[in-house]
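According to the UniProt record's numbering, the stretch in the sequence shown is residues 1 to 945, in order.
Beta carbons are placed, not taken as given, at the ideal position from N, Cα and C, and that holds for glycine.
Remarks on the structure that follows.
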Amino acid sequence: MSKTATKTAARPELTSTNEILVKGARIHNLKNVTVAFPRNKFIVVTGVSGSGKSSLTIDTLFAEGQRRYAESLSAYARQFMARMVKPDVDYIKGLCPAIAIEQKVITRTPRSTVGSMTEIYDYLRLLFARVGRTISPVSGREVKKDDVADVTAAVKQMPEGTRVVILVPFKQHAKREVREELNILMQKGFSRMYIRGAAGEKASLLRIEELLEQDDKALKQQLSKQTLPNTYVLIDRVAVKEFEEDDLHRLSDSIGTAFYEGEGEMFIEIDGDQLQHYSNKFELDDMQFEEPVPNLFSFNNPYGACPTCEGFSQVLGIDDDLVIPDRRLSVYEGAVAPWKGEKLGWWRDQFVKGAKAIDFPIHKPIADLTPSQYRLLWDGKGSVYGIHAFFKEVEQNLYKVQYRVLLSRYRGRTLCPDCHGYRLRKEALYVQVGGKNIGELCEWQVKDLLQWFDKLTLTEHENQIAKRILLEIHQRIQTLVSVGLGYLTLNRLANSLSGGESQRIQLTRSLGSNLTNSLYILDEPSIGLHSRDTERLIEVLKQLRDLGNTVVVVEHDEMMMREADYIIDMGPLASHLGGEVVAVGNYDQLVANPDSLTGKYLKGELSIDPPKNVRKWREKITVEGARQNNLKDISVSFPLNVLCVVCGVSGSGKTTLVKQILYPALKKMKGEIADKVGFHKAITGAVENISQIEMVDQNPIGKSSRSNPVTYIKAYDEIRDLYAKQPLAKMRGFLPKHFSFNVDGGRCDACKGEGEQIVEMQFLADVHLTCEVCGGKRFKEEVLEVQYKGKSIYDVLDMSVDDAIEFFKEDKALAKAIQPLQDVGLGYVKLGQSSDTLSGGEAQRVKLASFLGKGKSSGQILFIFDEPTTGLHFHDIKKLLASFQALIDQGHSLVVIEHNTDVIKSADWVIDLGPEAGDAGGNLVFEGVPKDLKKVKESYTGRFL
């Protein structure tokens, strides 16, 4: 640990009560680190990749906070939790409850949405259940339920002296005679029947006792089929006056009795003339409606979910994109795929002939049809049959095998026809707040939703009920907009979000809970953020701090460091050369510190210089008429053999253009399998010059715990060959396969080359124990006895890339095979490190290294990189750019989606999308060389360059 660090860590003004002190941390590469985190401050932990930032924050601070929380629970609760290992640290003083917000996309289920992840949807459900008005789809009137208080209030408002009669319809139940019904009424204590006369006639009162004394014939005459519909049981008679308390009690009792006797229905007759109906059933227009409760609006609950799609919003049906695969064609040119051939071509012919009569443009490309014209193509009109009629006939002929094959060709996931993608049963969509149902609100962009809630007007009574709910909704929506996610909709699937987006959504949830005196640890929250959105994010983090929390951010962003209250710089380099605290203090102290590599970059002593000359290009690939998601029919050219950067604010359409249109379309043109291609008119240009297309993203490099960097870049084969050539190996008859832990032979039989055995524990997390047979070394004893320069195969796998290059320097081919890993800044990674311990950014660079190692033999490749600077320090970005230049020198082409200004400056060609996110984005703001971008006023990227 450097002198500066020791001096600053022990500053006198920091007393133990207002700091979190970590003493002697030794996890991973940390070298007995002692460091203080001041409480209630915004702290940035920085340093080169692999210097120990995550080990200090997530693996030490957060792990200990979690462990302490788990230990405070009862023994019963603890048995269901994962066994929490105590981090290797002497002690941590002053630790408060810890919350870690990592970059992982936390959910893969198709049921989870932005609304449910941020809890906004839960509050919306509550809002609609409490103040929602159910509107009848028949008459458009509000469905209401009457109760005793409503009827009492109505009676009290009548003019004094009004005569009111409270009545209940006389019902004859099945299998009961009239006499039996009257007897039951007598037993219940009712004494009179009330028969209303026709218009203008006076009502007649009959005593039940007298009716029962009559014979059956006379009784039937008096209560004949004609009079029964007008026959009521008299409950009570009142004259309206200044009601005393006793009178009100009597009135309420009578009304309550009437509702009970009438099975939810009752009438009051006013002055022997007007009849008013009241019902405490939730119905109107002869329809029974569901009463709003929170579960009615939940698509994860069988009560609220649409019964057709079960709350998934999609069903298996006829897929538009399969029926009309090429939207550039018109109906006349054969856009409808199934309407081809001798027999089925009849459908196209009849549609073309009848098109004039229904005013349909048969020569217009499908892409340019208006929504009503498009519907006409599907629904047809009169004697002109559309696509739906065609498939109806196909379904009627499914007993023939050729029709079954035909139908299977055009089936796919389509929008649910019943709920139209809202996921809820239709009863839930009858409920409205401010004239909108819950499904419509979830389809809006969050920023539009914020404006709608600002303008929402409720009655005074509704305001009292919804005040707290609206506060919670408003706060969360405001935070989503503040962290730069205003372009998302609440029904956007959680599994379609990027790592950076899902991290900022978790941040919204944490902010919404308004915790205080907690420790928040964020792992690079600025990932995937444009510099403009980073400014907003910093404001949100400061709000979190101002609530009384300690906010620790692992970050490389210069803007974050400038705004931080305190910075801890780890280093000086990566892996075994790192793990120390190099400098602590505020921004100015960091810049002034001669030991800090970060400080040198911040003050400009070291810098990432753009190339002296911009490469000229001759060939390009052009995407014409891109219209997927928010793209506004743009045509964009991607030059070949250069570094082309696609930039723009978050949500401006970069991913849509590159990953949903360019990448899958080129793969399909090369005859490879690809995902669904986003909507565009055409791809033109020098496509034939590219031999293959590679997407280098941040997905893990291998699924099994045995995959590692050295096997991925194919350098392990060379190492195995080298060991098989050693004299002892030849004597024992070992082949290269004996030095692999993926096949039987040389690997330990007990742990199958895993190095550990997994003990399954009931109720507890599986326990990973080091293999007793090989001691975690993965190989049999006789294989480990084979050595090269005094090192066994296990020792080699345990070396870092930097050490291995030094160790194999005499074996030129082998050193050259490992070299690319060092070139991309992964010199600190161990050769045999399990791939599931690598971060997204590290996995991406291992993939990059594997291509660098192939050299020029692999033909011209178009590489697409998705934010490769994720998790990279200035020092590592310099190495990454050098690797990019090496790929271009090998004759390849690069398209990089990126926000980092250093990468944009170093590009040969820049494509800037925007100017804003969501609806206000999707335009081509600029394409050209970086220096010209600064002159474009509309470009946010230009301002930050």
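Distance CB(residue i)-CB(residue j) smaller than 8 Å
{"i": "residue 728", "j": "residue 785", "result": "yes"}
{"i": "residue 981", "j": "residue 442", "result": "With the chain represented from 1 up to 945, any question about residue 981 goes unanswered, as that position is not in the structure."}
{"i": "residue 355", "j": "residue 362", "result": "yes"}
{"i": "residue 841", "j": "residue 698", "result": "yes"}
{"i": "residue 819", "j": "residue 802", "result": "no"}
{"i": "residue 179", "j": "residue 228", "result": "no"}
{"i": "residue 873", "j": "residue 52", "result": "no"}
{"i": "residue 831", "j": "residue 630", "result": "no"}
{"i": "residue 622", "j": "residue 684", "result": "yes"}
{"i": "residue 486", "j": "residue 493", "result": "no"}
{"i": "residue 37", "j": "residue 58", "result": "no"}
{"i": "residue 907", "j": "residue 645", "result": "yes"}
Distance, residue j Cα to residue i Cα
{"i": "residue 752", "j": "residue 701", "result": "21 Å"}
{"i": "residue 197", "j": "residue 204", "result": "7 Å"}
{"i": "residue 389", "j": "residue 380", "result": "8 Å"}
{"i": "residue 150", "j": "residue 522", "result": "54 Å"}
{"i": "residue 938", "j": "residue 912", "result": "10 Å"}
{"i": "residue 804", "j": "residue 115", "result": "49 Å"}
{"i": "residue 438", "j": "residue 304", "result": "12 Å"}
{"i": "residue 193", "j": "residue 424", "result": "47 Å"}
{"i": "residue 1", "j": "residue 34", "result": "Below a pLDDT of 50, predicted positions are generally treated as unreliable, and residue 1, at 42, falls in that range; the measurement from the model is reported next regardless. Distance between the alpha carbons of residue 1 and residue 34 is about 9 Å."}
{"i": "residue 3", "j": "residue 898", "result": "Annotation note: pLDDT 41 at residue 3 (below 50); position unreliable, coordinate value reported separately. Rounded to the nearest angstrom, the two C-alpha atoms are 38 Å apart."}
{"i": "residue 791", "j": "residue 798", "result": "10 Å"}
{"i": "residue 250", "j": "residue 270", "result": "18 Å"}
{"i": "residue 881", "j": "residue 903", "result": "7 Å"}
{"i": "residue 640", "j": "residue 110", "result": "38 Å"}
{"i": "residue 433", "j": "residue 142", "result": "12 Å"}
Unbroken alpha helix (DSSP H) run spanning residue i, endpoints
{"i": "residue 716", "result": "716-724"}
{"i": "residue 180", "result": "178-188"}
{"i": "residue 128", "result": "120-131"}
{"i": "residue 60", "result": "Residue 60 -> no alpha helix (DSSP H), and no H or E assigned at all."}
{"i": "residue 888", "result": "874-889"}
{"i": "residue 561", "result": "558-563"}
{"i": "residue 476", "result": "460-482"}
{"i": "residue 905", "result": "901-905"}
{"i": "residue 601", "result": "597-603"}
Of the listed residues the options, nearest to residue i (C-alpha basis)
{"i": "residue 454", "options": "463, 474 and 437", "result": "474"}
{"i": "residue 879", "options": "855, 919, 827 and 742", "result": "827"}
{"i": "residue 642", "options": "896, 563 and 237", "result": "896"}
{"i": "residue 712", "options": "677, 834, 770 and 397", "result": "834"}
{"i": "residue 901", "options": "613, 940 and 924", "result": "940"}
{"i": "residue 951", "options": "482, 138, 564 and 348", "result": "Nothing about residue 951 can be read from this structure; the chain reaches only from 1 to 945."}
{"i": "residue 182", "options": "681, 157, 158 and 209", "result": "209"}
{"i": "residue 87", "options": "816, 47, 22 and 36", "result": "22"}
{"i": "residue 619", "options": "862, 408, 715 and 92", "result": "862"}
{"i": "residue 158", "options": "102, 239 and 121", "result": "239"}
{"i": "residue 869", "options": "326, 749, 848 and 463", "result": "848"}
{"i": "residue 322", "options": "401, 290 and 414", "result": "414"}
{"i": "residue 274", "options": "162, 280, 394 and 289", "result": "162"}
{"i": "residue 789", "options": "398, 42, 726 and 54", "result": "726"}
{"i": "residue 344", "options": "498, 607, 284 and 393", "result": "393"}
Boundaries (first-last residue) of the beta strand (DSSP E) holding residue i
{"i": "residue 951", "result": "Since the first residue shown for the chain is 1 and the last is 945, residue 951 is missing from the structure and cannot be characterised."}
{"i": "residue 415", "result": "411-415"}
{"i": "residue 583", "result": "580-585"}
{"i": "residue 327", "result": "Run containing residue 327: none; DSSP gives neither H nor E here."}
{"i": "residue 23", "result": "19-25"}
{"i": "residue 194", "result": "192-195"}
{"i": "residue 841", "result": "Looking at the DSSP string, residue 841 is not in any beta strand (DSSP E); the run it does join, the alpha helix (DSSP H), is 840-854."}
{"i": "residue 865", "result": "861-866"}
{"i": "residue 36", "result": "33-38"}
{"i": "residue 576", "result": "Residue 576 -> no beta strand (DSSP E), and no H or E assigned at all."}
Quiz item: On the three-pair Cβ rule with 8 Å, is the stretch 155-173 touching the stretch 241-261?
Solution: Touching, yes.
Quiz item: If you pair each beta-carbon of the stretch 397-414 with each one of the stretch 283-290, do three or more pairs fall below 8 Å?
Solution: no
Quiz item: Between the stretch 717-725 and the stretch 736-746, are three or more C-beta pairs nearer than 8 Å?
Solution: yes
Quiz item: Would you call the stretch 228-237 and the stretch 123-143 touching, i.e. three or more CB-CB distances under 8 Å?
Solution: When C-beta atoms of the stretch 228-237 are compared with those of the stretch 123-143, fewer than three pairs fall below 8 Å, so the two segments do not count as touching.
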